[in-house]
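Using the numbering used here, the first residue of the sequence shown is number 936, and each one after it goes up by one.
Quick reminder that beta carbons are idealized off the backbone N, C-alpha and C, glycines included.
None of these values were measured; they are calculated from a predicted model.
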Amino acid sequence: MAKSESGLVVPVIIMGLLMLIVELIALFLGAPLDAAGIHAFEDPDSPANSLYYIGFILLFTLFILLIIKWDKKWMIQLMIFGAIISTIYYVLCPLFVKFFPLNTSIVLSVSIAVILALILYVFPEWYVIDFVGLIVGAGAAAIFGISLSVIPVLVLLVLLAVYDAIAVYQTKHMVTLAEGVMDLRLPILFIVPKHRGYSFREETFDKEERDAFFMGLGDAVIPSVLVVSAYFFTGSLTVAVFAIIGSLIGFAVLMRLVLKGNPQAGLPFLNTGVIIGYVIGALVVGIPVI
């Protein structure tokens, strides 16, 4: 390993830990969200759900690109903050109802969600963005993980890996999208500084080499969906653990390439890793892979 790369080992490990934390929190949230009846789809076994999800992503991406072109980024902020508040609410309320009356739980959940959104808006530093991203990412992964059984999730992960590769390496519109929304300082990515004293609020984005590592929130959420689904629908924690290990191995391979200085599509590596981990786990436990 080159000397320049060796100095980046700690930030890379921290980024991997953020991904692991999303997966673990998502696993924890699955049961209470299911008990509260919070699901994204009515029929978890329908492969068509994966197509609906892909279709939504394509339309949403097109919409975001048009907003960037029209220079109406405030619309993106409005949508993302709305999604942040609603997701945090859906995550917290099922937890609070275990200890408080329903009305109290609703008030607490809404209040915390709004306060976190306000802090993010006023002080969008990297650690605030990462903290909110952990909650939102884990919540989203848990909701989709309990809403889609393993087969639709496998279909979804394969399709998203192909789409991500095309969007980054061929059409490059994902790079355009990332660069277009980076300055909005929203929790749509994880940020790990390469050195002390880094401030995301002061980031100008005009340097060719970044002073921090960036990973899209989706790169942590999408593999976590399979982790949650594997545990929720097979009942085997062992299978979920193998899926987590696979995702982290995929992450390690991805980071090895990123350290060489070239932008990489994350999902082809992460999804491949988590799928292989799931398959190995299923074989070890002795349950059908699909």
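Locate the beta strand (DSSP E) running through isoleucine 1126, then write down its first and last residues.
-> 1124 to 1128
Within the same chain, show all residues whose beta-carbon is closer than 8 Å to that of glycine 965, passing over the 5 residues directly before and after it, in chain order.
-> Listed in chain order, the non-local C-beta contacts of glycine 965 below 8 Å within the same chain comprise Ala1077, Gly1080, Ile1081, Val1163, Tyr1166 and Phe1167, local neighbours out to five positions each way being set aside.
What residues in its chain sit with their C-beta under 7 Å from that of leucine 1189, if we drop five residues either side in the sequence?
-> Gln1199, Gly1201, Phe1204 and Leu1205
With distances taken between CB atoms, is the gap from alanine 1096 to phenylalanine 1125 smaller than 8 Å?
-> no
Quick one: any contact between the segment 1085 to 1102 and the segment 1176 to 1183, if contact means 3 or more CB pairs under 8 Å?
-> no
Which same chain residues, not among the five before or five after isoleucine 1222, have their C-beta less than 8 Å away from its C-beta?
-> Thr1169, Ser1171 and Val1174
Are the segment 973 to 988 and the segment 1083 to 1095 in contact at 8 Å, needing three or more beta carbon pairs?
-> yes
Residue ranges of each alpha helix (DSSP H) run of no fewer than 4 residues wholly in the segment 1073 to 1139, ordered along the chain?
-> Segments of the alpha helix (DSSP H) lying fully in the segment 1073 to 1139: 1085 to 1100 and 1108 to 1116.
Would you check if there are 3 or more beta carbon pairs closer than 8 Å linking the segment 989 to 1006 to the segment 1100 to 1117?
-> yes
Quick one: what's got a C-beta closer than 7 Å to tyrosine 1024's C-beta in the same chain, skipping five residues either side?
-> Closer than 7 Å at the Cβ level, and outside the excluded window around tyrosine 1024, lie Ser1044, Val1045 and Ala1048.
Beta-carbon contacts of valine 1090 that lie in its chain and below 7 Å, excluding the five residues immediately before and after = Pro982 and Ser985
Buried or exposed: methionine 897, going by 16 or more other Cβ atoms within 10 Å of its Cβ?
-> This structure leaves residue 897 out entirely; the chain is present only between 936 and 1225.
Taking the Cβ atom as the reference point for each residue, do leucine 1069 and leucine 953 lie within a distance shorter than 8 Å?
-> yes
Helix, strand or coil for alanine 1200, going by three-state DSSP, please let me know.
-> Coil, per DSSP.
When the distance is taken between beta carbons, is tyrosine 1213 closer than 8 Å to leucine 1161?
-> yes
May I ask which residues mark the beginning and end of the alpha helix (DSSP H) holding phenylalanine 1148?
-> Element bounds for phenylalanine 1148: not the alpha helix (DSSP H) but the beta strand (DSSP E), 1147 to 1151.
Residue from Arg1136, Leu962 and Gly1185 whose Cα sits closest to the Cα of valine 1057 | Arg1136
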